[in-house]
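Read through the structure below, which is laid out as structure tokens, and then see the notes.
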Amino acid sequence: MPTWYEYSPEDTFLHNLSPVSRLTLIFSMLFLVSFYYDPRYLTVLLAISAAMYHSAKVPKKWLLILIPVVGWRLGEFLLVGMGQYNPELFRVWPREIVSRVIFEVHLPVIGDVRMIMGALLWVLGQVLHIVIGVLLTFTLIYTTPLNDYVRLMRKLRVPPQITYVMTVALKFVPDIFRMYQSIQVAQRLRGWAIRTKNPIKAAKLALPLMIPLAREIIRYVDRLEISSQLRAFGATTVRYQVELKMTKKDYAVCVVTLVAVTIAMYFLIMHKKGLL
Amino acid sequence: MPVVEVSDLTVTYLRKKEPALKNVSFKINEGEFVGLLGPLGAGKTTLLYTLVGIIPHTIPARVKGTVVVDGKNPLDHTVAEMVTSIGLVIDDPTVQVFNLTVEDDVAFGPMNLGMPEDEIERNVEYALRATRLKGLEKRHPKELSGGQQQALSIAGVLAMRPKVLALDEPISMLDPVGKSIVLKAINELNLEYGITCIIAESGSDLEEVMNIVNRVVVLNEGEVLVEGDPKVAVEDRLLERIGVGLPQVSELFLKLREKLPDLDVPVSLEEAIELLREYLNEGTIKVRPREGKGGKPSRNPPRMGGSDYVRVSNLHYTYPSGVKALNGVNLTLREGELVGIIGQNGSGKTTLSFCIVGIYKPTNPDAEVIVDGVDVTKSSTFEIIRKVNYIFQNPDAMLFSKDVYEEVSFGPKMLEYDEETTKRLVEDVLKFLGIEEHKHTLIVDLPKYLRTMVGLASVLVLKPRMLIVDEPTNGLDRKESIRLMRHLRELIKEGITFVIITHDMRLVSEFCDRVIVMSNGQVLLDGTPREVFSRHEVLRRASLKPPQITQLAAALRDFGFAEDTLTVNEFLDQLEVVG
């Protein structure tokens with residue numbers, strides 16, 4: 058059964074990059090995103106991320122996870138946003154824009170709460186952070202085989218114990234998804250479905266999935282531990298020798314990315330571009 | 002010279018009163034190939050874990066007695082210290098392969114042992130060559146077949162240069178080609194590289210294992226019943242009595258011995274062919290040819306079911322990754338049949354089943370999947386599951402409740418049946434499967450066979466008229482497999498149609514009315530077991546083997562044996578003892 062959130066070999070620009078340039082590109086974008094709050098700049102990064110996602114042929118259905126994640130976090134952001142009703146918090150955008158009140162409600166005990174434009178932009182920025190983060194992460198997962206991470210870590214002389222733990226963790230995630238998919242299908246065939254909006258009842262209905270999954274994970278981990286011991290894992294210290302090949306295209310991607318990030322950071326630090 | 006010496010070994014798991022191994026004593030000499038035979042729960046895995054030191058270093062247990070492997074006592078050495086003396090390969094290759102290329106994975110053990118680079122290279126080369134994986138060094142393990150993945154697990158252990166290679170049911174999860182790849186590799190390791198091998202087996206692959214071992218240790222309920230030449234395990238039907246079963250050729254000769262008391266009982270196909278040839282040539286026995294090719298069938302007439310229940314036409318299915326799993330399947334399944342679907346892993350068996358129960362929708366618009374007159378492609382899962390349902394091979398993927406009653410009642414509750422109907426349905430199904438006395442038993446306390454039965458009950462309670470069961474006997478010994486298959490046959494009388502997906506050709510020949518052979522996403526053969534298993538050439542092309550007794554008859558076809566012989570009794574019917 059094919060699973061979600063797993064590398065898939067494709068012939069795309071991103072797939073064909075060396076792990077060094079691919080990671081440089083994606084991590085640089087994630088780095089920039091973490092500093093930006095202005096939705097205009099984030100929208101540009103969103104467009105670039107979406108283009109990368111599309112060109113790498115990452116399955117669209119992976120993005121379904123955004124619905125619960127954004128839905129859940131949006132409430133939290135709106136609550137925090139309503140706490141930021143002081144326009145002085147927003148020093149980059151013109152005061153008359155950020156101080157505009159979008160809505161105001163009276164709550165018992167708390168009193169009047171309002172959402173100003175500055176806070177709304179902040180909320181929008183937070184949502185964009187999540188969406189871009191998910192797009193880039195999925196692009197990375199879909200375009201990067203586990204070998205690439207390991208080779209890179211070895212090149213960076215990361216201790217093999219850490220490399221192993223990372224490898225097992227990366228192997229573990231798709232395996233767990235596979236287990237989860239099988240369990241879900243098995244229970245659906247017994248009539249299982251979440252047909253309630255009551256969160257307590259819904260949580261109870263998740264037990265038929267969670268209990269077998271927990272049991273399977275424990276068994277899997279136990280077997281993994283035995284298997285690694287049988288391969289003398291942890292017996293001594295080991296050193297690896299790894300070579301990573303870079304093409305002209307890889308160097309170009311790295312150079313363009315680093316130049317773009319440097320320019321963006323310059324404008325961010327010196328001219329506050331990207332902040333609210 | 003003994004390389005493994007076990008004396009008076011008693012192992013008791015913590016929080017268990019009964020020991021898993023009781024006063025076990027035996028020796029294994031260098032270069033031997035030992036079969037560790039016994040039913041489920043006999044103590045085989047416990048013994049292997051103790052030999053490598055997993056017990057008690059990783060799995061705590063009270064251990065009494067002496068164990069010496071290659072001069073080391075595993076109780077006094079860590080597992081990492083033992084791996085150069087004894088390597089262990091477990092049944093599931095997917096758990097044992099950690100790394101991302103074949104060569105990295107094979108090098109993993111030697112690197113952990115801190116071997117110098119040139120030695121690592123030499124050992125990787127040796128292990129890849131010995132397991133016939135040379136040329137696949139750069140491949141991702143996922144790109145390998147099941148058999149090659151298990152061969153890779155063996156290579157990973159072998160690269161640490163152990164004196165003894167222990168294998169815990171290494172072929173139980175593999176398809177026929179996988180089994181053959183692994184067994185060939187292990188056999189070569191023993192014969193050409195002189196590695197001492199121990200292979201644990203509980204019955205489903207007994208015939209293959211008996212073909213290659215030169216000594217056996219038979220375990221039951223934690224005790225050694227017998228050890229020595231493999232023939233001692235089949236004499237007096239010992240293996241059959243403890244639930245492991247007998248190779249068909251041994252069974253044949255044991256029955257023949259009733260007329261020829263001095264007859265030697267073979268344990269392997271080759272030996273049986275040789276012995277029968279000898280007796281036929283010297284005239285001790287004669288062949289009584291059957292009339293016509295089909296001859297006297299074992300089930301007369303073959304049950305081929307009632308009216309059409311499932312109709313599949315021009316079914317294609319392509320995974321989102323682009324892998325074509327089904328390439329135009331056309332098929333009709335009839336009421337009241339027990340159908341066996343066989344084929345290599347990846348031949349499309351499970352995908353076809355998922356399309357029939359509506360989990361997957363065909364990827365071509367003109368495909369038709371009609372179940373009981375309903376178009377599955379346009380129906381919801383809940384409409385379909387009472388018409389046709391599917392059970393995964395691992396019952397643990399669905400069991401979650403506290404006790405059996407609660408577990409089985411989950412389905413009816415989900416379909417919002419009232420309490421009284423639920424109770425009646427659950428009690429009926431438990432009674433029918435003969436597990437009503439376990440109604441209030443905790444799921445965690447159930448042995449594998451009963452967990453399989455509870456898994457079956459929890460779907461049967463929804464009263465589907467057809468049930469597709471994936472590898473129903475996986476993880477069961479021969480006795481339990483037969484018990485389960487008899488239950489399925491009984492259920493057919495109640496109006497339920499069964500389709501089983503399996504790699505066990507013997508069970509298919511013994512219990513199924515019809516066999517469908519799948520290959521490359523298509524139906525290659527479809528007919529009665531007799532019709533299908535007599536097509537030796539087509540089966541070979543699909544990398545499948547007929548049951549051992551059919552292979553024996555085919556090997557002796559020049560003497561007049563019918564190539565479509567399916568059972569031991571049918572074979573016996575063709576023999577006439579002269580003197």
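Protein sequence lines correspond, in order, to chains A and B. Here the first sequence is numbered in the numbering used here, starting from 58 and rising by one per residue. Here the second sequence is numbered in the numbering used here, starting from 2 and rising by one per residue. Glycine residues also receive a C-beta, built at the ideal position from the N, C-alpha and C atoms. Just so we're clear, the structure is a prediction, and the values are computed from it rather than from any experiment.
Practice task
May I ask you to report which of helix, strand or coil DSSP gives A309 of chain A?
Solution key: Residue mapping note: residue 309 of chain A aligns to position 252 of the first sequence, counting from 1. Correct three-state label for A309 of chain A: helix.
Handout entry: CB contact below 9 Å: F234 of chain A versus chain B
Key = Counting from one through the first sequence, the residue named residue 234 of chain A turns up at place 177. With 9 Å as the cut-off, F234 of chain A does not count as an interface residue toward chain B.
Problem - For K261 of chain A and V126 of chain A, the rounded distance between their alpha carbons - result: In the first sequence, the residue the question calls residue 126 of chain A occupies position 69. In the first sequence, the residue the question calls residue 261 of chain A occupies position 204. Rounded to the nearest angstrom, the two C-alpha atoms are 21 Å apart.
Practice task
Go ahead and pull the three-state DSSP assignment for V218 of chain B.
Solution key: Here residue 218 of chain B refers to the residue found at position 217 of the second sequence. Strand, per DSSP.
Handout entry: Check whether P75 of chain B and L52 of chain B have beta carbons under 9 Å apart
Key = For the purposes of this step, residue 75 of chain B is taken as residue 74 along the second sequence, with counting starting at 1. For the purposes of this step, residue 52 of chain B is taken as residue 51 along the second sequence, with counting starting at 1. Yes, they are a contact pair.
Practice task
Pull up the CB-CB distance for L468 of chain B and I502 of chain B, whole angstroms please, since I reckon it's below 8 Å.
Solution key: Position 467 of the second sequence, counting from 1, holds the residue named residue 468 of chain B. Position 501 of the second sequence, counting from 1, holds the residue named residue 502 of chain B. Not a contact, Cβ separation roughly 12 Å.
Exercise for the section: Specify whether the stretch 82-89 of chain A and the stretch 248-258 of chain A touch according to this definition: at least 3 beta carbon pairs, one from each stretch, less than 8 Å apart. Expected result: no
Exercise for the section: For the stretch 352-359 of chain B and the stretch 375-394 of chain B, state whether three or more C-beta atom pairs, one from each stretch, are separated by less than 8 Å. Expected result: yes
Problem - For N30 of chain B, three-class secondary structure by DSSP - result: The sequence position of residue 30 of chain B within the second sequence is 29, counting from 1. The three-state reading of DSSP puts N30 of chain B in strand, counting E and B together.
Problem - L160 of chain A, DSSP secondary structure in three states - result: Here residue 160 of chain A refers to the residue found at position 103 when the first sequence is read from its first residue. This sequence places Phe at residue 160 of chain A; Leu is not what is there. Strand, per DSSP.
Practice task
Identify the continuous beta strand (DSSP E) that holds S8 of chain B and give its terminal residues.
Solution key: One-based indexing of the second sequence puts residue 8 of chain B at position 7. S8 of chain B -> beta strand (DSSP E) spans P3 to Y14.
Practice task
Count the other C-beta atoms from every protein chain shown that fall within 10 angstroms of the C-beta of K432 of chain B, then say buried if there are 16 or more, exposed otherwise.
Solution key: Reading the second sequence from its first residue, position 431 is the one you call residue 432 of chain B. So K432 of chain B ends up on the exposed side.
Problem - chain B contact residues for A289 of chain A, given Cβ-Cβ distances below 7 Å - result: Residue mapping note: residue 289 of chain A aligns to position 232 of the first sequence, counting from 1. Going along chain B in sequence order, the residues near A289 of chain A (Cβ under 7 Å) are A81, V84, G110, N113, L114 and M161.
Problem - Cβ neighbour criterion (16 or more within 10 Å) applied to N301 of chain B - result: For the purposes of this step, residue 301 of chain B is taken as residue 300 along the second sequence, with counting starting at 1. Confidence in N301 of chain B is poor, its pLDDT being 41 and thus under 50, which makes the residue's placement too unreliable to answer from.
Exercise for the section: Decide if P66 of chain A is buried, meaning its Cβ has at least 16 other Cβ atoms within 10 Å, or exposed. Expected result: For the purposes of this step, residue 66 of chain A is identified with residue 9 of the first sequence, where counting begins at 1. So P66 of chain A counts as exposed.
Practice task
Go through the stretch 83-165 of chain A residue by residue and report every complete run of the beta strand (DSSP E) that reaches 3 residues or more, in order.
Solution key: 158-164
Exercise for the section: Report yes if the CB atom of I362 of chain B is closer than 9 Å to the CB atom of T382 of chain B, and no otherwise. Expected result: The residue given as residue 362 of chain B occupies position 361 in the second sequence. The residue given as residue 382 of chain B occupies position 381 in the second sequence. Contrary to the premise, residue 362 of chain B reads as Lys rather than Ile in this sequence. Against a cut-off of 9 Å, the Cβ pair of T382 of chain B and K362 of chain B comes out as no contact.
Handout entry: Selected residue, minimal CA-CA separation from A326 of chain B, among B:L334, B:G344, B:R487 and B:E6
Key = For the purposes of this step, residue 326 of chain B is taken as the residue at position 325 of the second sequence. Considering only alpha carbons, the answer is B:G344.
Handout entry: Interface positions of the stretch 240-265 of chain A facing chain B (Cβ-Cβ less than 8 Å), listed along the chain
Key = I240, V242, A243, Q244, R245, L246, R247, G248, W249, A250, L264 and P265
Handout entry: Enclosing beta strand (DSSP E) for H317 of chain B [first to last residue]
Key = Start at 1 with the first residue of the second sequence, and residue 317 of chain B comes out as number 316. According to the DSSP assignment, H317 of chain B belongs to the beta strand (DSSP E) that extends over D309 to T319.
Handout entry: CB contact below 9 Å: Q97 of chain B versus chain A
Key = Start at 1 with the first residue of the second sequence, and residue 97 of chain B comes out as number 96. Answer yes: the Cβ-Cβ gap between Q97 of chain B and chain A drops below 9 Å somewhere.
Handout entry: Q523 of chain B - DSSP class collapsed to helix/strand/coil
Key = One-based indexing of the second sequence puts residue 523 of chain B at position 522. In this structure, Q523 of chain B counts as strand in the three-state DSSP scheme.
Practice task
Give me the Cβ distance between Y199 of chain A and V115 of chain A, rounded to the nearest whole Å; I'm assuming they're in contact under 8 Å.
Solution key: Here residue 199 of chain A corresponds to residue number 142 of the first sequence, with the count starting at 1. Here residue 115 of chain A corresponds to residue number 58 of the first sequence, with the count starting at 1. That pair is a contact at about 4 Å.
Handout entry: Close beta carbons around I182 of chain B, own chain, < 7 Å, minus the five adjacent residues each side
Key = What you label residue 182 of chain B is simply residue 181 of the second sequence in a count that begins at 1. Counting only Cβ-Cβ distances below 7 Å, and skipping sequence neighbours, we find G148, Q149 and A152.
Handout entry: Interface flag, V405 of chain B vs chain A, CB-CB below 9 Å
Key = Sequence index remark: in the second sequence, residue 405 of chain B carries index 404 (1-based). No, because no Cβ of chain A sits closer than 9 Å to the Cβ of V405 of chain B.
Exercise for the section: Put P59 of chain A into one of helix, strand or coil per three-state DSSP. Expected result: As a working mapping, residue 59 of chain A is identified with position 2 in the first sequence. Legend: pLDDT at P59 of chain A = 47, less than 50; position of this residue unreliable, value from coordinates given subsequently. Coil, per DSSP.
Problem - L74 of chain A versus L134 of chain B: straight-line alpha-carbon distance, rounded - result: Position 17 of the first sequence, counted from the first residue, corresponds to residue 74 of chain A. Position 133 of the second sequence, counted from the first residue, corresponds to residue 134 of chain B. Their Cα atoms are separated by approximately 29 Å.
Problem - Stretch-stretch touch, CB-based, cutoff 8 Å, three pairs: the stretch 84-99 of chain B with the stretch 160-172 of chain B - result: yes
Handout entry: Strand pairing of N499 of chain B, partner residues [DSSP]
Key = Taking the second sequence and counting its residues from 1, the one referred to as residue 499 of chain B is at position 498. As written in the sequence, residue 499 of chain B is Phe, which differs from the Asn given in the question. B:L339 and B:L468.
Exercise for the section: Can you check DSSP and say which residues form a bridge with I371 of chain B? Expected result: Indexing the second sequence from 1 puts residue 371 of chain B at position 370. I371 of chain B is bridged by DSSP to B:R312 and B:D376.
Problem - Through-space distance from V524 of chain B to T352 of chain B, alpha-carbon basis - result: Within the second sequence, numbered from 1, the residue matching residue 352 of chain B stands at position 351. Within the second sequence, numbered from 1, the residue matching residue 524 of chain B stands at position 523. The alpha-carbon atoms of T352 of chain B and V524 of chain B are separated by roughly 13 Å.
Practice task
Could you tell me whether the stretch 156-164 of chain A touches the stretch 84-102 of chain A, where touching means 3 or more Cβ pairs closer than 8 Å?
Solution key: no
Exercise for the section: Anything in chain B within Cβ reach of Q286 of chain A, meaning under 9 Å, just list it in chain order. Expected result: Counted from its first residue, the first sequence places residue 286 of chain A at position 229. Residues of chain B passing the Cβ test: V53, G54, I55, H58, T59, T79, V80, A81 and V84.
Handout entry: Contact with chain A by N301 of chain B, beta-carbon distance below 9 Å
Key = What you label residue 301 of chain B is simply residue 300 of the second sequence in a count that begins at 1. In this prediction, N301 of chain B has a pLDDT of 41, which is less than 50 and means its spatial position is unreliable; what the coordinates show is noted afterwards. No, its Cβ sits nowhere closer than 9 Å to a Cβ of chain A.
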